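Only one structure is covered here, and it is reproduced in the block below.
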Amino acid sequence: MNAQKVLDDLRQRFPGEPEYHQAVEEVLSTIEEEYNKHPEFDKANLIERLCIPDRIYTFRVSWQDDSGNIQTNMGYRVQHNNAIGPYKGGIRFHASVNLGILKFLAFEQTFKNSLTTLPMGGAKGGSDFSPRGKSNAEVMRFCQAFMLELTRNIGPDVDVPAGDIGVGGREVGYMFGMYKKLTREFSGVLTGKGREFGGSLIRPEATGYGNVYFLQEMLKTKGDSVEGKTVLISGAGNVAQYTAEKVLQLGGKVLTMSDSDGYIYDPDGIDRAKLDYIMELKNIYRGRIREYIDHYPTAKYVAGQKPWNEKADIALPSATQNEISEEAAQALVNNGVIAVSEGANMPSTPGAIRVFQRAKILYAPGKAANAGGVSVSGLEMSQNSERLSWTAEEVDRRLHIIMEDIHANCLKYGTEADGYVNYVKGANIAGFIKVAKAMMAQGIV
Ligand code: NDP
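Next up, the structure:
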């Protein structure tokens, strides 16, 4: 394989999809050497079959708003690869959603799911519908209309969606209700469900907790720990909230959280009581992060900015893709950051990754560090198939083991001659090898 040639070809065939090109480039540049050790891969043109999704569904979603107007949005499901298990990946509802973004997420998901050690293929879906500012009834009607179309393409052994940005327990519940109504089937077709109808304990916590478990493993390689460290977190949604919770449990100090309008910085630290306030503000009242300073006036609110210019030991980006620019990465390094672990998917731009790796700080890409979420989704599928539910301790124990295993795999494939661990390379090669072998065994399909 000539990675550059493959990339140029993809750019030409699929123009206008920069996030997809970015994700493919990151993977190809790190697996090229390993890939070329296997001439049989090239003979089977494995690389193109791995980069191009198996299939993509695109559909119109029509729904009625509270004023009686008929609205239309686009709906998508990208089924990227099912070589090692049923398609699996979240659904994103956000105004910025387009096909290129979902293709990048589905591509990444394939490697991430392979890393989890569980049998799950990669997929992603979503819509340019934004739940922000919509009433509950509008969100329900939208979710129902979206599922009316998606139903025919998913199933508990075919494709199992979950949440992502803009899709939490409420949206998963409405989509599950509609799937059940249409198919007359009660199955584990979605994960992230409510506890009362098959949801796994620890699923809401899993991505954030898993990221901090991964961070702990990275710090351990330096004989260090989270205790006493200052931490910058971006986002204030599902991932950010449970990242903050786990950092607090381990004795770290959380300085920032954010939303798409700006960030808050609390010099005294966001403690348990303050985090409870943020959880209530975001999950129940669906408010904005700037309201924090009305309650805690010693904190500051910075509108229109991201938190990366603040000084701290650790950064845990947990909002969205490309939220750390090269300049922001340089500011973090200049301020003495020792570790960056990604809760979000692809939050660091390629330039930012170069800055972190050149400075030889601990840097974990999302496909390794945030794999805890889909791992517990996989455990939810197992529990649904067994028609049993495991205790929180049991799920958390398994999550911890999975994150340790992913870390060990990154060390195996990513440790360089001078001892520096290139977690991007480690995660990409470990994820790739398993999928590649499965694809080779299954022939040209
Ligand atoms: P939520 O919708 O719960 O929260 C997203 C948070 O990020 C909100 O605070 C939101 O602010 C902010 N945000 C979203 N878009 C932007 C933007 N363009 N610029 C700045 N801030 C933004 O989503 P999740 O917490 O579930 O997801 C966060 C990230 O984690 C995503 O990258 C997702 O793909 C990734 N992830 C999530 C998993 C999960 O289990 N949920 C699993 C693995 C990865 P606002 O309210 O203003 O929109």
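According to our numbering, the sequence shown holds residues -3 to 441 in order. All residues carry an ideal CB built from backbone N, CA and C; glycine is no exception. Bear in mind the structure is a predicted one, so any value in this text is a computation, not a measurement.
With a cutoff of 7 angstroms, isoleucine 402 does not count as near ligand 1, since its C-beta is closer than that to no heavy atom of the ligand. Separation of valine 391 and leucine 375 (C-alpha to C-alpha, rounded to the nearest whole angstrom) is 8 angstroms. Of the residues Lys302, Tyr238, Ser381 and Ser321, the one whose Cα lies closest to the Cα of serine 183 is Ser381. When beta bridges are read from the DSSP output, glutamine 67 appears opposite Trp59. If you ignore the 5 residues before and after phenylalanine 103, its C-beta comes within less than 8 angstroms of the C-beta of Tyr16, Ala19, Val20, Val23, Cys47, Pro49, His76 and Gly118, all in its own chain and listed in chain order. Each of Ser58, Lys296, Thr203 and Ile334 was checked against the Cα of alanine 311, and the nearest Cα belongs to Ile334. In its chain, beyond the 5 residues on either side, Phe182 have a beta carbon closer than 7 angstroms to the beta carbon of lysine 176.
Looking at the backbone, the Cα of glycine 265 and that of leucine 251 are separated by about 5 angstroms. In this structure, DSSP gives isoleucine 87 an extended state, which the three-state scheme calls strand. Of Val372, Ile397, Ile402 and Ile440, the smallest CA-CA separation from glycine 195 is found for Val372. Shortest gap from the CB of valine 235 to any heavy atom of ligand 1: under 7 angstroms.
Here asparagine 234 is buried: its Cβ has 16 or more other Cβ atoms, across all protein chains shown, within 10 Å. Considering only Glu338, Gln379, Leu384 and Lys430, the residue with the shortest C-alpha distance to tyrosine 419 is Glu338.
When secondary structure is reduced to three states using DSSP, leucine 251 falls in the strand class. The alpha-carbon separation between glycine 415 and methionine 171 amounts to approximately 47 angstroms.
Put simply, of Leu114, Phe138, Met116 and Tyr83 the residue whose alpha carbon is nearest the alpha carbon of phenylalanine 125 is Phe138. Annotation: the continuous alpha helix (DSSP H) that includes valine 329 extends over 322 to 330. Taking the C-beta atoms as reference points, isoleucine 43 is found no nearer than 8 angstroms to arginine 88. Sequence-distant Cβ neighbours of aspartate 309 in its own chain, meaning closer than 8 angstroms and more than five residues away, are Lys225, Thr226, Val227, Gly332, Val333, Ile334 and Ala335. Residue pairing from DSSP places valine 298 in a beta bridge opposite Tyr259. If you draw a straight line from the Cα of threonine 387 to the Cα of alanine 327, it comes to about 43 angstroms. In this structure, the CA atom of isoleucine 52 is about 13 angstroms from the CA atom of arginine 148. Remark: fewer than three beta-carbon pairs, one from each stretch, lie closer than 8 angstroms, so the stretch 197 to 214 and the stretch 287 to 307 are not flagged as touching. With respect to the 8 angstroms criterion, glycine 122 and leucine 146 are not classified as neighbours on the basis of their beta carbons.
Short note on alanine 40: C-beta not closer than 7 angstroms to any heavy atom of ligand 1. Leucine 312 is bridged by DSSP to Ile229. Distance from the CA of leucine 111 to the CA of proline 293, rounded to the nearest whole angstrom, comes to 43 angstroms. By alpha-carbon distance to tyrosine 72, the top candidate from Asn405, Arg56 and Ser63 is Arg56. Within the DSSP secondary-structure output, arginine 128 pairs in no beta bridge. In the structure shown, lysine 120 adopts extended strand secondary structure according to DSSP, grouped into three states. For aspartate 5, the enclosing alpha helix (DSSP H) has its first and last residue at -1 to 9.
Cβ-Cβ distances below 6 angstroms link alanine 365 to Asn207, Phe210, Ser337 and Glu338 in the same chain, with the five nearest sequence neighbours on each side left out; the list follows chain order. By the C-beta criterion, the stretch 259 to 274 is judged not to be in contact with the stretch 315 to 322, since fewer than 3 inter-stretch pairs fall below 8 angstroms. Counting other Cβ atoms within 10 Å of its Cβ, serine 63 stays below 16 and is therefore classed as exposed. In the DSSP annotation of this structure, alanine 388 is not part of any beta strand (DSSP E); the continuous alpha helix (DSSP H) holding it starts and ends at 388 to 410. When the five nearest sequence neighbours on each side are left out, the beta carbons in the same chain lying within less than 6 angstroms of the beta carbon of threonine 54 are those of Tyr72, in order along the chain.
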